[in-house]
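Below: the structure, in structure tokens.
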């Protein structure tokens, strides 16, 4: 019995793809700091413009654009770490490697809630004040980042 | 009278030689002072470069994973520029404004010039000069191929904002390129760097890549956003590598310069002392012969 289950177990493990492991090679960082480089983690939740989604090892390859928000990393030992990202890109490749390149990435513990609220207030004022399309779009982006900061620091 | 003139002539000759000796002495003294100044300057430049290099190397350690990550998508998706009849090409030369850094700028510029020389028709090729040094180079050889120039580079350490400015300028320049190459100096160690190329692809090339169908739920918007951001990331990475290579190369160049100046100072000091002694000897001879004439 045990011999048969072992054989069926082995058959299930074989797949047609090139690389199949239960780990992902996770690289996450921004120009200001690198948090993970080729590390192996259990799961990563990312906020993207096409919706927030979680990445497990061997996720189907895809590309995504980051929205201002919180990236949650579930590490191998069970602990979770949260990072705020302002924008950037996500790429998951065929060999199960994940790269999250953020424009700015900071630990949520480092966010100053009062300064974030300040930023939101200023951005709201800017959105109301400007009429030029490009400036208005930039002010709305500031507002989005500020609101996400406030939400993350809460 | 004849005997008097005979005695006068040696004195005159000695006087002329003395004046010549004095002139030489002053000239050598001037040269010695100037070479000593140069040695001081190059030594201080070396110290400054060493400090900037230490910081640049630290920054590079943080930036390397980003650069590798940004390149990995293109490698893993096996994006390859398809061969066209007359592809529009773009070269990005990552140099800086400041010289006295050894061969960092010229190695990049010469590589680009050699590639251009191999091509039959250079009308479809444009160069983006990041840094005044590459602009000066290409203005002499390929003036018509310069698309745009980035200045004020090299004074401060590069930031992501600078890279995104360059990326933005390239993307909004209106030049639709099919394939591109970014040349930068990849830092190996304090004494060595390598001029490396990173390929830049157009959106069309990426959409037609072999393995792109493996990637799930991709639309043109996502690809475009991804490519814009990765261009900025790659430029940032190249700027960081280039800055580190430049500072280490400048440090080496200034160190060599100080050593050479030191050697020159030694040789000049010996010549100076010899000349000085010759002048003194001449004066003594003059005095003695003058006293003997009495």
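Residue numbers (my numbering), protein chains in the order written: chain E, 1 to 154; chain F, 155 to 448.
Note that the Cβ used here is the ideal one computed from N, Cα and C, for glycine as well.
Small disclaimer: the values here were computed from a predicted structure and weren't measured.
{"Asked": "C-beta neighbour in chain F for residue 146(E), strict 9 Å", "Found": "no"}
{"Asked": "Stretch pair the stretch 390 to 410 of chain F + the stretch 105 to 116 of chain E: three plus CB contacts closer than 8 Å", "Found": "no"}
{"Asked": "Residue environment, residue 99(E), which counts as buried when at least 16 other CB atoms sit within 10 Å", "Found": "buried"}
{"Asked": "Endpoints, alpha helix (DSSP H) assigned at residue 256(F)", "Found": "From DSSP, residue 256(F) is part of no alpha helix (DSSP H); its letter is neither H nor E."}
{"Asked": "Identity of the residues DSSP links to residue 83(E) by a beta bridge", "Found": "71(E) and 107(E)"}
{"Asked": "Within 7 Å of chain F by C-beta, residues of the stretch 73 to 95 of chain E in sequence order", "Found": "88, 89, 91, 93, 94 and 95"}
{"Asked": "Residue 43(E) at chain F interface by Cβ criterion, 9 Å", "Found": "no"}
{"Asked": "Limits of the beta strand (DSSP E) - the one that residue 303(F) falls within", "Found": "300 to 304"}
{"Asked": "Separation of residue 331(F) from residue 240(F), as counted between CA atoms", "Found": "11 Å"}
{"Asked": "For residue 287(F) and residue 253(F), believed in contact at Cβ under 8 Å, the rounded distance", "Found": "6 Å"}
{"Asked": "Three-pair Cβ contact test at 8 Å for the stretch 396 to 409 of chain F versus the stretch 343 to 350 of chain F", "Found": "yes"}
{"Asked": "Sequence-distant residues of the same chain with beta carbon closer than 7 Å to residue 200(F), five excluded per side", "Found": "405, 408, 409 and 412"}
{"Asked": "Distance, residue 379(F) Cα to residue 128(E) Cα", "Found": "27 Å"}
{"Asked": "Reduced DSSP category for residue 219(F) - H, G, I as helix; E, B as strand; rest coil", "Found": "helix"}
{"Asked": "Per-residue contacts from residue 323(F) into chain E (C-beta, under 9 Å)", "Found": "Those within 9 Å of residue 323(F) in chain E number zero; the least Cβ separation is about 15 Å."}
{"Asked": "In DSSP terms, what residue 335(F) is bridged to", "Found": "245(F) and 353(F)"}
{"Asked": "Residue 99(E): first and last residue of the uninterrupted beta strand (DSSP E) it sits in", "Found": "97 to 102"}
{"Asked": "Between the CA atoms of residue 299(F) and residue 277(F) - distance to the nearest angstrom", "Found": "7 Å"}
{"Asked": "Whether residue 311(F) touches residue 209(F) by CB criterion (9 Å)", "Found": "yes"}
{"Asked": "Test: residue 284(F) CB closer than 9 Å to a CB of chain E", "Found": "no"}
{"Asked": "Members of the stretch 219 to 246 of chain F that neighbour chain E once the beta carbon cut-off is set at 7 Å", "Found": "219, 220, 223, 224, 226, 227 and 230"}
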